[in-house]
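Under the numbering used here, the sequence shown has 228 at position 214, and the numbering climbs by one with no breaks. Cβ coordinates follow ideal geometry from the N, Cα and C atoms, glycine included.
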Amino acid sequence: MASPVLLVVAHGSRDPRHAATVHALTARIRSLRPGLRVETGFLEFNAPSVPRVLERLAADGTDEVVALPLLLTRAFHAKADIPSVLREARARLPRLRIGQADVLGPDPLLNAALEQRLYEAGVRPGDKSSTGLVLASAGSTDPEAIAVIAEIARELRHTGWCAVRPAFASASLPRTADVVRSLRADGVDRVAVAPYVIAPGRLPDRIATGAEEAGADVLAGVLGPSPALARLLLTRYDEARVPVTGAMSA
15 MASPVLLVVA
25 HGSRDPRHAA
35 TVHALTARIR
45 SLRPGLRVET
55 GFLEFNAPSV
65 PRVLERLAAD
75 GTDEVVALPL
85 LLTRAFHAKA
95 DIPSVLREAR
105 ARLPRLRIGQ
115 ADVLGPDPLL
125 NAALEQRLYE
135 AGVRPGDKSS
145 TGLVLASAGS
155 TDPEAIAVIA
165 EIARELRHTG
175 WCAVRPAFAS
185 ASLPRTADVV
195 RSLRADGVDR
205 VAVAPYVIAP
215 GRLPDRIATG
225 AEEAGADVLA
235 GVLGPSPALA
245 RLLLTRYDEA
255 RVPVTGAMSA
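In structure tokens:
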């Protein structure tokens, strides 16, 4: 029996770096699991759209799909946008069984990917005890998503950083620059900013601008097509395969 197709559902962006990063990530997934069919669909701005990909899969005779949100927290897109798109697709394509995997975070693999980006930016493992870390996410109005970011900051604090504080690029406060300055005011000599985002775009650029304006010592890159992130997507796919084959996805 063929494995369900993995459909990575990305938000999309007018910034061409976003789609390029998503495609690089799906290419890495294919390299980790040869033979698995991996498709990419976008909610807006980029093609192909999620409905168009599902229509093409149904026309190809595909039986099952696992739609995997390329999202780090359960906020509006995970709770409303994506379920709505998938419900409409199920109604139009009744022979195609469509399941939805869970969002990516929180997960230790994401923390590992985050720290790897920090090391690539110049932080050494021995620097952690003297470095304050700004965990900079895109931001959300969803309390659950904000609480998750705060919890991740607490978890990272226990891995050796002298301080870890969350920051947000939109919708929530504080901003990256304010947290960098706050750490400095508290006597932290070295400050690193880690964007907790997957792909480049307007909000990651805002994080970078805040880090530079406030004089952060290190600015890590976005998570991008990291091996740890690709492995996490496959983990979420595998977790979702059981309900996809049952009545839940019918």
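- Between Ser196 and Gly153, the CB-CB gap reaches or exceeds 8 Å.
- Using a Cβ-Cβ distance cut-off of 8 Å, the region 131-149 and the region 51-68 are not in contact, since fewer than three pairs of beta carbons, one from each stretch, lie closer than that value.
- DSSP places Thr35 in the helix class (H, G or I) of the three-state scheme.
- Between Arg111 and Arg198, the alpha-carbon positions lie close to 53 Å from each other.
- Judged by beta-carbon spacing, Val23 lies beyond the 8 Å limit of Thr76, meaning their Cβ atoms are not closer than that value.
- Along the region 73-111, the beta strand (DSSP E) occurs as fully enclosed runs of 3 or more residues at 78-83, listed in sequence order.
- Taking all protein chains in view, the Cβ of Asp121 is crowded by 16 or more other Cβ atoms within 10 Å, so the residue is classified as buried.
- Contact annotation: Gly215 and Arg131 have beta-carbon atoms that are not nearer than 8 Å.
- Contact annotation: the region 214-233 does not touch the region 87-107, with fewer than three C-beta pairs closer than 8 Å.
- With a threshold of 16 other beta carbon atoms within 10 Å, Arg168 falls short and is exposed.
- When Cβ pairs closer than 8 Å are counted between the two stretches, the region 29-40 is seen not to touch the region 93-110, the count staying below three.
- Selection Ala105, Leu71 and Leu124 evaluated against Leu85 yields Leu124 as nearest (Cα-Cα).
- Here Ala254 really is in contact with Gly113; their C-beta atoms are around 5 Å apart, less than 8 Å.
- Looking at Asp95, Arg51 and Leu128, the one whose alpha-carbon comes closest to that of Ser63 is Asp95.
- Cβ neighbours of Thr155 within its own chain (closer than 6 Å, five residues either side excluded): Ala185.
- Taking the CA atoms as reference points, Arg51 sits about 43 Å from Val194.
- Per DSSP, Leu170 is one residue of the alpha helix (DSSP H) stretching across Pro157 to Arg171.
- Beta-carbon to beta-carbon, Pro218 and Val211 are separated by about 5 Å, close enough to satisfy the 8 Å threshold.
- With a beta-carbon spacing of about 5 Å, Val117 and Pro83 fall inside the 8 Å limit used to define contacts.
- If you check the CB distance, Val178 and Arg189 do not come in under 8 Å.
- Under the three-state reduction of DSSP output, Val207 falls in the strand class.
- Residue ranges of uninterrupted beta strand (DSSP E) with 3 or more members, entirely inside the region 177-204 and ordered along the chain, are 177-182.
- The criterion of a C-beta distance shorter than 8 Å is not satisfied by Leu248 and Arg109.
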